[in-house]
Each structure stands twice: as C-alpha cells, then as structure tokens.
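Beneath this line is the structure, given in structure tokens, with notes to follow.
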Amino acid sequence: MQDALSQILNRIDDLSRQLREDGEENEDSNEQPATPFIIPDELEQGFLELAQQRYSNLAELSLTQSLDSAVYYLDRVTKKPLKSTQRENRYVSTVLNLMKAYWLLNATKECREYREACLYRPTDKLENQMMTWGMTVDKFVQKLEEVSRPYI
C-alpha cells in the first residue's frame, strides 16, 4: 500500500513539473499543452473499485450523479480548505480532486444513460429550442471538459 502511495505521489510531482514547464512554454500563447492528462494506474484502479462498489456495471452509472460529482470535485479545486493544512497536502488534495473529476467525466461518457441522452431527440417546443441553443447533455459535458482543461 505504501509503495503504491509513493508511486502516486511521485507521479503527481512529475505532473506538477510538467505542468509548470508547459505553462512557461505557453505563457504567451493561448494554446493548451498537447500532453494528455494521465491518471496513475493504481489510482485509476482505486477509482474503478470504488465506483463498482456502488454500480456493479459502470454502464449503469447515473448520469446526474456522476456529473454532479465531477462538478463537485472541480469546485473543490478552487476552494480554500477550511482548516489550515500544509501546502503539500493542499497540493496533493487538489491534484487528486482533478483526477477524480477527470476520471468521472470519462466514466460518464461510457455510461448507458449518457449515450441515450446524446441520442435523444426533442419532442416539444421547449426541448427543440434548447437543442437549437446547443443546450444538450453532450455539449454540457464537452464544455465541462473544456473549462477544466486549464487545470488538467
């Protein structure tokens, strides 16, 4: 267990250095770093096991609950902790919250309810107007990924 925790913390340190380096290179540019966000295998397995405790089949993941949870973890990134914590602990907590949100967004896109919502066709005037404005589940998730990208 301690070995896996050490690997995760080392990976977080590597990601931190990479983000700082990418940020320095792109300071005068609006382009985002091309490097994908990678969750360490041990941590991803932990997220999967926790999710499977509630949902034996991740295809049955609740769309509302998974999106609410992803937003919750992204929101926690911007909040100052209630109690005084060491800077390192806050940093680790921030990175873990980002990883949880990122994992949840990816898991959400694999669930049955999300796929059904993306295929849904409006049946009344209000729903047609919402679709015309681009207010769909798919667009919401895309926007959520877009606004979280500077952090991820």
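Under the numbering used here, the first residue of the sequence shown is numbered 17, with each subsequent residue one higher.
Built from N, CA and C at the ideal position, the CB exists for glycine as well.
Because the structure is a prediction, the values reported are computed rather than measured.
Quiz item: Taking C-alpha atoms, which residue in 129, 56, 118 and 137 lies nearest to residue 159?
Solution: 118
Quiz item: When you compare only the Cα positions, how much space is there between residue 112 and residue 141?
Solution: 42 Å
Quiz item: Candidates 80, 72 and 30: which alpha carbon is nearest residue 56's?
Solution: 30
Self-check item: Beta-carbon proximity of residue 161 to residue 121, cut-off 8 Å
Solution: yes
Quiz item: Thinking C-alpha only, which one of 95, 88 and 130 is nearest residue 77?
Solution: 130
Practice problem: Label residue 124 either buried or exposed according to how many other C-beta atoms from any shown protein chain fall within 10 Å of its C-beta, with 16 as the threshold for buried. | Solution: buried
Quiz item: Terminal residues of the continuous alpha helix (DSSP H) containing residue 150?
Solution: Taken as a continuous stretch (DSSP letters only), residue 150 belongs to no alpha helix (DSSP H), as it is neither H nor E.
Quiz prompt | Outcome for residue 75 when other beta-carbon atoms lying within 10 angstroms are tallied against a minimum of 16 | solution = exposed
Quiz item: From which residue to which residue does the alpha helix (DSSP H) around residue 75 run?
Solution: Where residue 75 is concerned, there is no enclosing alpha helix (DSSP H), given that its DSSP letter is neither H nor E.
Quiz item: What is the DSSP secondary structure of residue 127, reduced to helix, strand or coil?
Solution: coil
Exercise. Could you tell me which of 138, 126 and 90 sits nearest to residue 110, measuring between CA atoms?
Key: 90
Exercise. Report the three-state DSSP secondary structure of residue 110 (helix, strand or coil).
Key: helix
Quiz prompt | Exposure of residue 116, with buried meaning 16 or more beta-carbon neighbours within 10 Å | solution = buried
Quiz item: Could you give the C-beta distance for residue 134 and residue 153, rounded to a whole number, given that I count them as a contact under 8 Å?
Solution: 6 Å
Self-check item: 6 Å Cβ shell around residue 63 - same chain, five flanking residues per side excluded
Solution: 119
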